[in-house]
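K.L.:
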Amino acid sequence: MRIRYSILVPVKNSIKTLPYTLETCLRQEEIQDYEVVVGDNGSTEDVKSVVDSFNNPRLVYYRNDEGSTQADSFNFILSKAKGEYVFMLGADDSISRWALYIADRILAITGEDILWWNPSRYFWPERKDFPNSLWMPENRNYKWQNSEEKLGDFFRLTHSWDLPLLYQHCVIKRSLLNEISEDLSQYELELHEPPMADNFQGVMTLLYTKRFVEIPYGLIVMGQSYSGDSHKEKEGSAKQNKNYISNQNVNRIKDEPFYTEGRLWHSFWLYHAMITAKTILEKKGIDNNYIIPYKNLVANTVHELLYQYECSILEGQEYGEMFNDTIKYLQNSINKLNDNELTNWFESAYGDLMNYDASVLNKDIIRKKLDTNPNHVIRCDNFSIRNISQAQELIDNIYYSKSGIDNDMKMLSYSFKKTQKLISEIKELDQKGSIAIYGSGSAADLILNTFFDFENDFKNPIYILDSDENKRGDFFRGYEIYNPKDIPSMGIVGVVISSMEFQNAMYGNLVPYINELKVIKPYDIGDIQYLELIGNKQNKVVHI
611 MRIRYSILVP VKNSIKTLPY TLETCLRQEE IQDYEVVVGD NGSTEDVKSV VDSFNNPRLV
671 YYRNDEGSTQ ADSFNFILSK AKGEYVFMLG ADDSISRWAL YIADRILAIT GEDILWWNPS
731 RYFWPERKDF PNSLWMPENR NYKWQNSEEK LGDFFRLTHS WDLPLLYQHC VIKRSLLNEI
791 SEDLSQYELE LHEPPMADNF QGVMTLLYTK RFVEIPYGLI VMGQSYSGDS HKEKEGSAKQ
851 NKNYISNQNV NRIKDEPFYT EGRLWHSFWL YHAMITAKTI LEKKGIDNNY IIPYKNLVAN
911 TVHELLYQYE CSILEGQEYG EMFNDTIKYL QNSINKLNDN ELTNWFESAY GDLMNYDASV
971 LNKDIIRKKL DTNPNHVIRC DNFSIRNISQ AQELIDNIYY SKSGIDNDMK MLSYSFKKTQ
1031 KLISEIKELD QKGSIAIYGS GSAADLILNT FFDFENDFKN PIYILDSDEN KRGDFFRGYE
1091 IYNPKDIPSM GIVGVVISSM EFQNAMYGNL VPYINELKVI KPYDIGDIQY LELIGNKQNK
1151 VVHI
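Going from the sequence shown to the numbering used here is simple: count from 1 and add 610.
Spelled out as structure tokens, the structure:
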């Protein structure tokens, strides 16, 4: 039987949570051509018995006694996958019963290699910070993410987690992963290289793809427990650090900031991913202007440390010494740069944290502070939920239905075809000469964003038109604003009208020049679904 999808579950022990994860994997709706692969990364617990208890031929088990790092586990389980596309879950995560059906429909519509989503989080009952709670992220829409733009966001650390991470965040074509791995091998790098290998893979994927699709469905729920990772044993972490520190890629940067012998902090993997990406681009002869954001690296790490430190108080643990050591380590990293401005900034921003003691804070205050987040929080005790399988069922029952999914897919298919046609028309015009977007508001911004999601840039200069004489000479997104009366002297070949409310009036302003122009007239400025092309000279209406 052909296998289109592989759901990969790397495991290191975790037999308390694994059964619930596998339950969700095996109750997929509509799609039958899939497998669930459990990759046992040298567990001391009897993982195989858990797998065997399901007595399901779709569920396959492999054991790897050789490796203990996340990269070892990833490479091993990926080598066993037979599917054309792969999902990857931790052994305390869950997957929606509609995940494969939704992915299958969207992949068929878009033809893309990667679908990305913002996952929900389930805090298992054993957690003391947010026990038995479900965090649902804010809703998002369909969006074609430009990989180059997302890489820029990563370097700015504006969205450092919005990456095509294989763990919990996306479904990805297996052949693409293989191609990237083969190319990285010439740089003596692995696609899933530690530290924080899943995030490193996300950055590397951006280097080798043009775009990926963001979808509004959270197909996987990330489990937050004290197990679930395929490498979370102490000896595994120690081996991971030891192996990675001995790797020549780290030896090359041992004297650089954010490295300290025996410890690989959050800022280090961010930093390492950045310099590795820059190095690969340089070796490929690709110019890049990415700048290492040292201030943001430090601020990002301090924020994470404060969160972990305050959570540890709720857990009855004491991370104060680790916190203070890390602040000192960050200070040393800044000092290595020999930049007085950065040094002064660090002392001003974080000098007071040198002796920070979270243990004196009231636990209720900490809990209230940590509980303030942009997610919708569901208290699972109110629904008699005690595990992630039950939490996933709640989500599936509330948010999904086949009729609703099918209707959404019809709308997506129609919208995607219209959007593709719009991009095609703009691109064709851009090959012939300059184009203008009529309007300088949110709709014009949407059209530009839509184009840049698919194309990196315009070949020819682009202009912005606005009927308001007071805006002439101003700038919109870096483009100078002109008046439609300037068209005869601009040498443009086409105009995209970006306003639904004033589209007829705007078209009237273009009529004197219609023999020299092709006018693209979107009806719906919200999602650019309905388009009408008014051809040049013959004034022929073309319905897309």
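C-beta atoms are modelled at their ideal positions from N, C-alpha and C, and glycine is treated no differently. What you are looking at is a predicted structure, and each value in this text was computed from that prediction instead of being measured.
For Gly-828, is the classification buried or exposed, using 16 other Cβ atoms within 10 angstroms of its Cβ as the cut-off for buried?
P.N.:
In the sequence shown, residue 828 corresponds to position 218, counting from 1. It counts as buried.
K.L.:
I'd like to check one pair, Lys-622 with Ser-659: are the Cβ atoms closer than 7 Å?
P.N.:
On the sequence shown, position 49 is the one that residue 659 refers to. On the sequence shown, position 12 is the one that residue 622 refers to. No, these two residues do not count as a Cβ contact at 7 Å.
K.L.:
How many angstroms separate the CA atom of Asn-851 from the CA atom of Tyr-1009?
P.N.:
Against the sequence shown, residue 851 aligns to sequence position 241. Against the sequence shown, residue 1009 aligns to sequence position 399. For Asn-851, the predicted model reports a pLDDT of 46, less than 50, meaning its position is unreliable and no value from the coordinates is stated.
K.L.:
Assuming Tyr-904 and Leu-963 form a contact by the criterion Cβ under 8 Å, report the distance between their Cβ atoms to the nearest whole angstrom.
P.N.:
Taking the sequence shown and counting its residues from 1, the one referred to as residue 904 is at position 294. Taking the sequence shown and counting its residues from 1, the one referred to as residue 963 is at position 353. About 17 Å; that fails the 8 Å criterion.
K.L.:
With a 10 Å radius around its C-beta and 16 neighbouring C-beta atoms as the bar for buried, classify Asp-1076 as buried or exposed.
P.N.:
If you number the sequence shown from 1, residue 1076 lands on position 466. By the 10 Å Cβ count, Asp-1076 comes out buried.
K.L.:
Would you call Ile-896 buried or exposed, if buried means 16 or more other Cβ atoms sit within 10 Å of its Cβ?
P.N.:
As a first step, residue 896 must be located in the sequence shown, where it is residue number 286. Ile-896 should be labelled exposed.
K.L.:
For Val-913, which of Asn-954, Leu-924, Ala-959, Pro-735 has the nearest alpha-carbon?
P.N.:
As a working mapping, residue 913 is identified with position 303 in the sequence shown. A small correction: the amino acid at residue 913 is His; Val does not occupy that position in the sequence shown. Among Asn-954, Leu-924, Ala-959, Pro-735, the Cα nearest to that of His-913 belongs to Ala-959.
K.L.:
I'd like the ranges of any beta strand (DSSP E) spanning at least 3 consecutive residues and lying wholly in the region 696-772.
P.N.:
Here the runs fully enclosed are 724-726, 730-733, 743-746, 753-756.
K.L.:
State the Cα-Cα distance for the pair Arg-614 and Ile-641, rounded to the nearest angstrom.
P.N.:
Residue mapping note: residue 614 aligns to position 4 of the sequence shown, counting from 1. Residue mapping note: residue 641 aligns to position 31 of the sequence shown, counting from 1. Roughly 9 Å separates the two Cα atoms.
K.L.:
Cα separation between Asp-1084 and Ile-1091?
P.N.:
Mapped onto the sequence shown, residue 1084 falls at position 474. Mapped onto the sequence shown, residue 1091 falls at position 481. Taking the straight line from one Cα to the other gives about 5 Å.
K.L.:
How about Leu-801 and Leu-794: are their beta carbons less than 7 Å apart?
P.N.:
What you label residue 801 is simply residue 191 of the sequence shown in a count that begins at 1. What you label residue 794 is simply residue 184 of the sequence shown in a count that begins at 1. Against a cut-off of 7 Å, the Cβ pair of Leu-794 and Leu-801 comes out as a contact.
K.L.:
Taking only three categories from DSSP, how would you classify Leu-794?
P.N.:
Mapped onto the sequence shown, residue 794 falls at position 184. Three-state DSSP puts Leu-794 in a helix.
K.L.:
Going straight from the alpha carbon of Tyr-1024 to that of Leu-1039, what length do you get?
P.N.:
Counted from its first residue, the sequence shown places residue 1024 at position 414. Counted from its first residue, the sequence shown places residue 1039 at position 429. Their Cα atoms are separated by approximately 23 Å.
K.L.:
Just to check my reading of the structure: Asp-643 and Arg-673 have Cβ atoms closer than 8 Å, yes? What is that Cβ distance to the nearest angstrom?
P.N.:
Taking the first residue of the sequence shown as position 1, residue 643 is located at position 33. Taking the first residue of the sequence shown as position 1, residue 673 is located at position 63. In fact, because the Cβ distance is near 25 Å, the residues do not count as touching under 8 Å.
K.L.:
Using DSSP with H/G/I as helix, E/B as strand and the rest coil, what is Val-621?
P.N.:
Residue mapping note: residue 621 aligns to position 11 of the sequence shown, counting from 1. Correct three-state label for Val-621: strand.
K.L.:
Would you check if there are 3 or more beta carbon pairs closer than 8 Å linking the region 988-999 to the region 729-746?
P.N.:
Flag = yes, the region 988-999 and the region 729-746 touch.
K.L.:
Apart from the five residues just before and just after Glu-758, which ones in its own chain have a Cβ nearer than 7 Å to its Cβ?
P.N.:
Position 148 of the sequence shown, counting from 1, holds the residue named residue 758. Here the set comprises Asn-1066.
K.L.:
In whole angstroms, give me the CA-to-CA distance for Leu-799 and Gly-1049.
P.N.:
Within the sequence shown, the letter at position 189 stands for residue 799. Within the sequence shown, the letter at position 439 stands for residue 1049. Cα to Cα, the separation comes out at about 47 Å.
K.L.:
Out of Asn-899, Ser-835, Arg-715, Asn-1007, point me to the one whose CA is closest to Asp-739's CA.
P.N.:
One-based indexing of the sequence shown puts residue 739 at position 129. Asp-739 has its Cα closest to that of Ser-835, out of Asn-899, Ser-835, Arg-715, Asn-1007.
K.L.:
Please report the distance separating the alpha-carbon of Phe-1064 from that of Ser-994.
P.N.:
Here residue 1064 refers to the residue found at position 454 of the sequence shown. Here residue 994 refers to the residue found at position 384 of the sequence shown. Looking at the two C-alpha atoms, the distance is approximately 45 Å.
K.L.:
Taking the continuous beta strand (DSSP E) assigned at Ala-1046, which residues delimit it?
P.N.:
As a first step, residue 1046 is located in the sequence shown; it is residue number 436 there, counting from the start. Start and end: 1044-1048.
K.L.:
Suppose contacts are defined by Cβ-Cβ distances below 7 Å. Is Ile-687 in contact with Pro-620 by that definition?
P.N.:
On the sequence shown, position 77 is the one that residue 687 refers to. On the sequence shown, position 10 is the one that residue 620 refers to. Yes, the Cβ-Cβ distance between Ile-687 and Pro-620 is below 7 Å.
K.L.:
Among Val-661, Ile-1102, Leu-761, Ile-724, which residue has its Cα nearest to the Cα of Ile-1124?
P.N.:
For this step, residue 1124 is matched to residue 514 along the sequence shown. Considering only alpha carbons, the answer is Ile-1102.
K.L.:
Going by C-alpha to C-alpha distance, which of Trp-879, Ile-1107, Asn-756, Ile-825 sits closest to Tyr-818?
P.N.:
Stepping through the sequence shown from its first residue, residue 818 is reached at position 208. Comparing Cα positions, the closest option is Asn-756.
K.L.:
In or out: Met-1116 buried (at least 16 other Cβ within 10 Å) or exposed?
P.N.:
Against the sequence shown, residue 1116 aligns to sequence position 506. Result: buried.
K.L.:
Rounded to whole angstroms, what is the Cα-Cα separation between Asn-861 and Leu-775?
P.N.:
Residue numbering aside, residue 861 sits at position 251 when the sequence shown is read from its first letter. Residue numbering aside, residue 775 sits at position 165 when the sequence shown is read from its first letter. Residue placement at Asn-861 is flagged as unreliable, the pLDDT there being 48, under the threshold of 50; a coordinate-derived value is accordingly withheld.
K.L.:
If you drop the 5 nearest sequence neighbours on each side, which residues of the same chain put their C-beta closer than 7 Å to that of Arg-715?
P.N.:
Translated into positions along the sequence shown, residue 715 becomes position 105. If we look at Arg-715 and ignore the five residues flanking it on each side, its Cβ neighbours are Met-1019.
K.L.:
Using a Cβ-Cβ cut-off of 7 Å (strictly less than) and excluding sequence neighbours within five positions of Thr-768, which residues of its own chain qualify?
P.N.:
Along the sequence shown, read from residue 1 onward, the residue named residue 768 stands at position 158. Same-chain partners within the cutoff: there are none.
K.L.:
From which residue to which residue does the beta strand (DSSP E) around Glu-1090 run?
P.N.:
For the purposes of this step, residue 1090 is identified with residue 480 of the sequence shown, where counting begins at 1. Taken as a continuous stretch (DSSP letters only), the beta strand (DSSP E) holding Glu-1090 covers 1089-1092.
K.L.:
Could I get the ranges of all uninterrupted beta strand (DSSP E) runs contained in the region 618-684, with 3 residues as the minimum, in chain order?
P.N.:
Here the runs fully enclosed are 644-650, 669-673.
K.L.:
If you follow the beta strand (DSSP E) that Tyr-1073 is part of, which residue opens it and which one closes it?
P.N.:
Your numbering for residue 1073 matches position 463 in the sequence shown. Here the beta strand (DSSP E) through Tyr-1073 covers 1072-1075.
K.L.:
Is Ala-718 buried or exposed, if buried means 16 or more other CB atoms sit within 10 Å of its CB?
P.N.:
For the purposes of this step, residue 718 is identified with residue 108 of the sequence shown, where counting begins at 1. With fewer than 16 Cβ atoms within 10 Å of its Cβ, Ala-718 is classed as exposed.
K.L.:
Bridge partners for Pro-867 per DSSP, in chain order?
P.N.:
In the sequence shown, residue 867 corresponds to position 257, counting from 1. Partner(s): none; Pro-867 has no beta bridge.
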